[in-house]
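Peer 1: Take this structure first; my questions come after.
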Ligand SMILES: Cc1cc2nc3c(=O)[nH]c(=O)nc-3n(C[C@H](O)[C@H](O)[C@H](O)COP(=O)(O)OP(=O)(O)OC[C@H]3O[C@@H](n4cnc5c(N)ncnc54)[C@H](O)[C@@H]3O)c2cc1C
């Protein structure tokens, strides 16, 4: 009988990655790109939907760790050596306020390689559905881009206050232009007029039931991804379960 010795898993370790680009997405959100050197590309390989973690020592010596989902795709990492993420500024937020006020090209961040189970093995014949609010779009951008590239279909309900506060709006328009009706994108506006009354105002359980009755047939969707604050994700999950949906992935960004 073969006995495997030393089969201990190596714990992930921190790596230093330089910031290669900082771009404003909205008045209160940034896109940050990190350059991954050739020798770390395998370490930072990921599945769409996963996140990385930053570690930073504050001026008072306090150590802060925060996670951010990857908006880019594994292909972009392999071809260009880049990881991209979207950070929404939280008033008085420790890391997001630092990122907004200080982060510049050439800064070096301490980063833990990608982790997380908010992902799937993408299959071209499947139809993926997603319901997200605000910065919850970040991992979905990666999942949607990878799924559409592989021939799958994606339906996305994306809630924001207004068009101006919508993160990655232009990237979503590009995906729509490239993939035609395999991307079914419905913007919900909570503080301005949406495309219809159904897509205007907060996505309450009743409104979501109406969306399912009139706009999106949940029976046509094989797998769901919900991302955002605790209340929103759990509320949407309950309504989805009423429709019989069973494959529902959730990622919680924030619990009040
Ligand atoms: C797996 C994972 C992936 C994530 N991915 C992203 C991402 O792609 N983009 C992104 O912007 N964020 C993401 N987050 C949230 C992120 O990790 C931080 O929690 C967020 O940036 C706030 O950190 P901070 O240090 O600025 O604020 P903190 O100093 O932690 O918080 C300051 C105050 O804001 C409140 N607060 C914290 N987070 C939020 C929030 N999201 N909304 C409203 N109030 C809040 C806190 O209760 C506190 O009162 C993710 C979180 C997880 C767990």
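In our numbering, the protein residues as written are 880 to 1135.
All residues carry an ideal CB built from backbone N, CA and C; glycine is no exception.
Small disclaimer: the values here were computed from a predicted structure and weren't measured.
Please name the residue, chosen from 897, 974, 1000 and 979, that lies closest to residue 941 on a Cα-to-Cα basis.
Peer 2: When only C-alpha atoms are compared, the closest one is 974.
Peer 1: From the DSSP output, in three-state form, read off residue 897 for me.
Peer 2: Residue 897 falls in the strand class under three-state DSSP.
Peer 1: How many angstroms separate the CA atom of residue 949 from the CA atom of residue 930?
Peer 2: Whole-angstrom Cα-Cα distance: 5 Å.
Peer 1: Mark residue 918 as exposed unless 16 or more other C-beta atoms lie within 10 angstroms of its C-beta, in which case mark it buried.
Peer 2: So residue 918 counts as exposed.
Peer 1: Just to be sure I understand the criterion: a residue counts if its Cβ is closer than 5 Å to at least one heavy atom of ligand 1. Which residues meet that?
Peer 2: Output, sorted by chain position: 930, 945, 946, 947, 948, 966, 967, 969, 972, 973, 974, 975, 1014, 1017, 1132 and 1133.
Peer 1: Rounded to whole angstroms, what is the Cα-Cα separation between residue 1015 and residue 997?
Peer 2: Taking the straight line joining both Cα atoms gives about 12 Å.
Peer 1: For residue 1066 and residue 1035, I'd like the C-alpha separation in whole angstroms.
Peer 2: Spanning the two alpha carbons is a distance of roughly 8 Å.
Peer 1: Mind the definition here: the stretch 1054-1072 touches the stretch 1096-1107 only if three or more C-beta pairs lie below 8 Å; say whether that holds.
Peer 2: No: the two stretches stay apart, fewer than three of their Cβ pairs being nearer than 8 Å.
Peer 1: Per DSSP, what are the beta-bridge partners of residue 1130 in this structure?
Peer 2: Partner(s): 1106.
Peer 1: Residue 1131: which of 1075, 1001 and 1018 sits nearest, CA to CA?
Peer 2: Nearest C-alpha to residue 1131: 1018.
Peer 1: By DSSP, does residue 993 sit in helix, in strand, or in coil?
Peer 2: Strand, per DSSP.
Peer 1: Just reading off the alpha helix (DSSP H) that residue 971 is part of, what are its end residues?
Peer 2: Segment: none, residue 971 is in no alpha helix (DSSP H) and carries neither H nor E.
Peer 1: May I have a chain-ordered list of the beta strand (DSSP E) segments no shorter than 3 residues that lie completely inside the stretch 914-981?
Peer 2: Entirely contained in the stretch 914-981, the beta strand (DSSP E) runs reaching 3 residues are, in chain order, 930-936, 942-948 and 961-967.
Peer 1: So what does residue 1009 bridge to, in DSSP terms?
Peer 2: Paired residues: 1035 and 1104.
Peer 1: Using 8 Å as the threshold, is the C-beta distance between residue 1105 and residue 1022 below it?
Peer 2: No, Cβ-Cβ distance for residue 1105 and residue 1022 is not below 8 Å.
Peer 1: If we count the other Cβ atoms within 10 Å of its Cβ and call it buried at 16 or more, is residue 953 buried or exposed?
Peer 2: The residue is buried, with at least 16 neighbouring Cβ atoms inside 10 Å.
Peer 1: Taking 8 Å as the CB-CB cut-off, is residue 1073 touching chain B?
Peer 2: Going by chain labels, chain B is absent from the structure shown, which holds only one protein chain.
Peer 1: Count the other CB atoms within 10 Å of the CB of residue 884; is the residue buried (16 or more) or exposed (fewer)?
Peer 2: With a pLDDT of 49 at residue 884, under the threshold of 50, the predicted position of this residue should be treated as unreliable, though the coordinate-derived value follows. Exposed, since its Cβ has fewer than 16 Cβ neighbours within 10 Å.
Peer 1: Does the Cβ of residue 984 have 16 or more other Cβ atoms within 10 Å, making it buried, or fewer, making it exposed?
Peer 2: With fewer than 16 other Cβ atoms within 10 Å, it is exposed.
Peer 1: Going by beta carbon distance, what residues of the same chain come within less than 7 Å of residue 1001, once the five residues before and after it are set aside?
Peer 2: Taken in chain order, the residues that qualify are 1025, 1026, 1029 and 1031.
Peer 1: Pull up the DSSP beta-bridge partners for residue 1140, would you.
Peer 2: Look at the range of the chain in this structure, 880 to 1135, and you will see that residue 1140 is not part of it.
Peer 1: Report the rounded CA-to-CA distance for residue 978 versus residue 1058, giving the unit in angstroms.
Peer 2: C-alpha separation (whole angstroms): 33 Å.
Peer 1: Quick check on DSSP: helix, strand or coil for residue 908?
Peer 2: Three-state result, residue 908: strand.
Peer 1: For residue 1044, count the other beta carbons within 10 Å of its own beta carbon; 16 or more makes it buried, fewer makes it exposed. Which is it?
Peer 2: With 16 or more other Cβ atoms within 10 Å, it is buried.
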